[in-house]
Each structure stands twice: as structure tokens, then as C-alpha cells.
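Sequential numbering of the sequence shown, starting at 0, is according to numbering that gives the first Met the number 0. Glycine included, each C-beta is placed from N, C-alpha and C at the ideal position. Each remark here refers to the structure printed beneath this line.
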Amino acid sequence: MRKTFPVKCIPGIKCFGRLFIYALELLICTSGYTQEIHFSSEKLEFVVGDSSVAMTGKYSFQNLHDQPVAQPLIYPFVITEDLPFPDSVDVRQENGQPAHFNKGKDFVSFIVKIPPKGDTAIDVYYRQPVKKNRFEYILTSTRNWQRPLDSAEFLIQMPESCDLTELSFPYERIDTTAGFKIYCLRFEDFYPDKNLNFTWQRRK
0 MRKTFPVKCI PGIKCFGRLF IYALELLICT SGYTQEIHFS SEKLEFVVGD
50 SSVAMTGKYS FQNLHDQPVA QPLIYPFVIT EDLPFPDSVD VRQENGQPAH
100 FNKGKDFVSF IVKIPPKGDT AIDVYYRQPV KKNRFEYILT STRNWQRPLD
150 SAEFLIQMPE SCDLTELSFP YERIDTTAGF KIYCLRFEDF YPDKNLNFTW
200 QRRK
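What follows is the structure in C-alpha cells.
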């Protein structure tokens with residue numbers, strides 16, 4: 000039996016049955032502390048391989064409440080015919096210890112523990128097969144936290160033999176290292192109204 004969490008609606012957002020409310024690229028199940036938790040920043044690295052994209056992300060949270068919080072979160076994926084469910088997922092606490100998670104149809108769920116008036120970070124890794132040279136990462140769920148991220152940084156790494164053909168956000172610069180190109184994107188007060196989408200092609 001898959002473990003689930005009780006769901007309450009964020010004020011002003013409709014809740015349909017037991018449908019989970021996405022938040023973050025993370026999606027949050029609220030428990031009364033939602034307004035006291037600040038999803039403050041994220042740093043994401045995408046590595047394009049031959050038939051998959053690997054994502055490594057660090058997500059930072061602040062507890063503005065004077066009580067400790069154990070907050071259930073749901074981390075959603077874009078799942079389509081061309082983007083199957085990730086074949087590898089790993090979630091780590093700030094101290095590097097593995098965090099238990101449960102799998103759903105298009106997400107994994109886990110709990111983030113934050114001390115009173117403190118902060119913490121969660122590291123997530125996943126590798127998702129790609130059947131076409133296209134990838135999508137959920138960003139619009141950030142708006143369910145009802146405030147912008149303080150900062151966001153995205154790095155998209157691909158072999159020099161590949162060219163980025165489409166990107167849904169402007170990049171700041173391109174770095175090169177050991178046969179790879181790295182497209183660097185940085186934002187402050189980040190409150191996205193679209194997902195991160197990018198496509199690429201390989202030179203013949």
C-alpha cells in the first residue's frame with residue numbers, strides 16, 4: 000500500500016477530491032504551516048546524455064515558525080510518451096543521509112524536517128529517459144508557495160557535439176569544460192509562469 004498524506008486546500012486554491020496541490024517544482028501538501036515555510040532557493044543541474052537527462056537539484060527551505068516542522072512534499076515529474084518515469088531517483092537530507100520517499104504515478108513524496116526558526120536543504124537526483132531531444136521540468140508549481148524564490152540557478156550541460164535549439168528562458172552565458180557546454184541561467188525574485196523546456200540537436 001502506498002503511503003499518502005491528508006490534503007488541505009491552500010486558501011484561494013480549489014481542491015478536487017484527493018488531488019495533490021503542486022508546489023515547487025516541488026508540490027506541497029499543506030498542514031497549517033504552509034505560510035510559515037519559505038521555499039527560498041533552488042540550484043539545478045541538467046546533464047544531457049545519449050538517451051536520458053540527469054537532474055541534480057538542491058532545494059532550500061526556511062521555517063519562519065517557532066516550532067519544528069515535518070512537512071510532507073510531493074516532487075512532480077513531467078510524464079509523457081516521450082518522457083517516461085525516471086529510471087533512477089535519489090533524495091538526500093542536508094547531512095547527506097538518504098531520505099525515505101514513496102513513488103506515485105508522476106511524482107515522488109517525502110518529508111522535509113526543519114528546526115524552529117531554522118533552515119534546511121534537500122538534494123534530489125533523478126535520471127529520466129528521453130525518446131526525443133526534448134526535456135521539460137516543472138517550474139510553475141512554485142507559485143503555489145505564494146511568494147517568489149529568492150534565487151534560482153539552472154545549469155544545462157551537454158556535449159559540445161550538441162547544440163541547444165530551444166530554451167524557454169534566456170541564458171546568462173555559456174561555459175565550456177572537458178568537451179561539454181554549460182548553459183547558465185540565474186534569476187532573483189523568481190516567480191515563473193512557465194516550465195523549463197529545452198530541446199537540442201546533435202551535429203552530424
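With DSSP as the reference, please indicate the residues paired to residue i in a beta bridge.
i	result
F76	In the DSSP output, where bridge partners are listed per residue, F76 has none listed.
P128	S51
R133	T198
Classify residue i as helix, strand or coil using the three-state DSSP reduction.
i	result
N94	coil
S87	strand
R172	strand
S167	coil
V150	The sequence given here places Ser at residue 150; Val does not occur at that position. The answer is strand: DSSP assigns S150 an E or B state.
R142	helix
E159	coil
T3	Low confidence applies to T3: its pLDDT is 33, below 50, so where it sits in the model is not reliable enough to give any reading.
When the Cα of residue i is compared with those of the options, which residue comes out closest?
i	options	result
E135	P191, R202, L184, L82	L82
F76	T55, F168, K104	K104
E165	G178, N196, E35	N196
P152	R146, V68, M54, A177	Looking at the sequence shown, residue 152 is not Pro but Glu. The option with the nearest alpha carbon to E152 is M54.
K193	T139, E159, L163, S150	T139
G48	H99, N143, R133, G95	R133
P97	I121, R146, D174	I121
E171	K203, K130, R185, H99	R185
E220	K131, R91, S87	The first residue shown for the chain is 0 and the last is 203, placing residue 220 beyond what the model contains.
State yes or no: is the C-beta of residue i within less than 9 Å of the C-beta of residue j?
i	j	result
P85	Y125	yes
Q200	Y182	no
F189	L148	yes
P128	S51	yes
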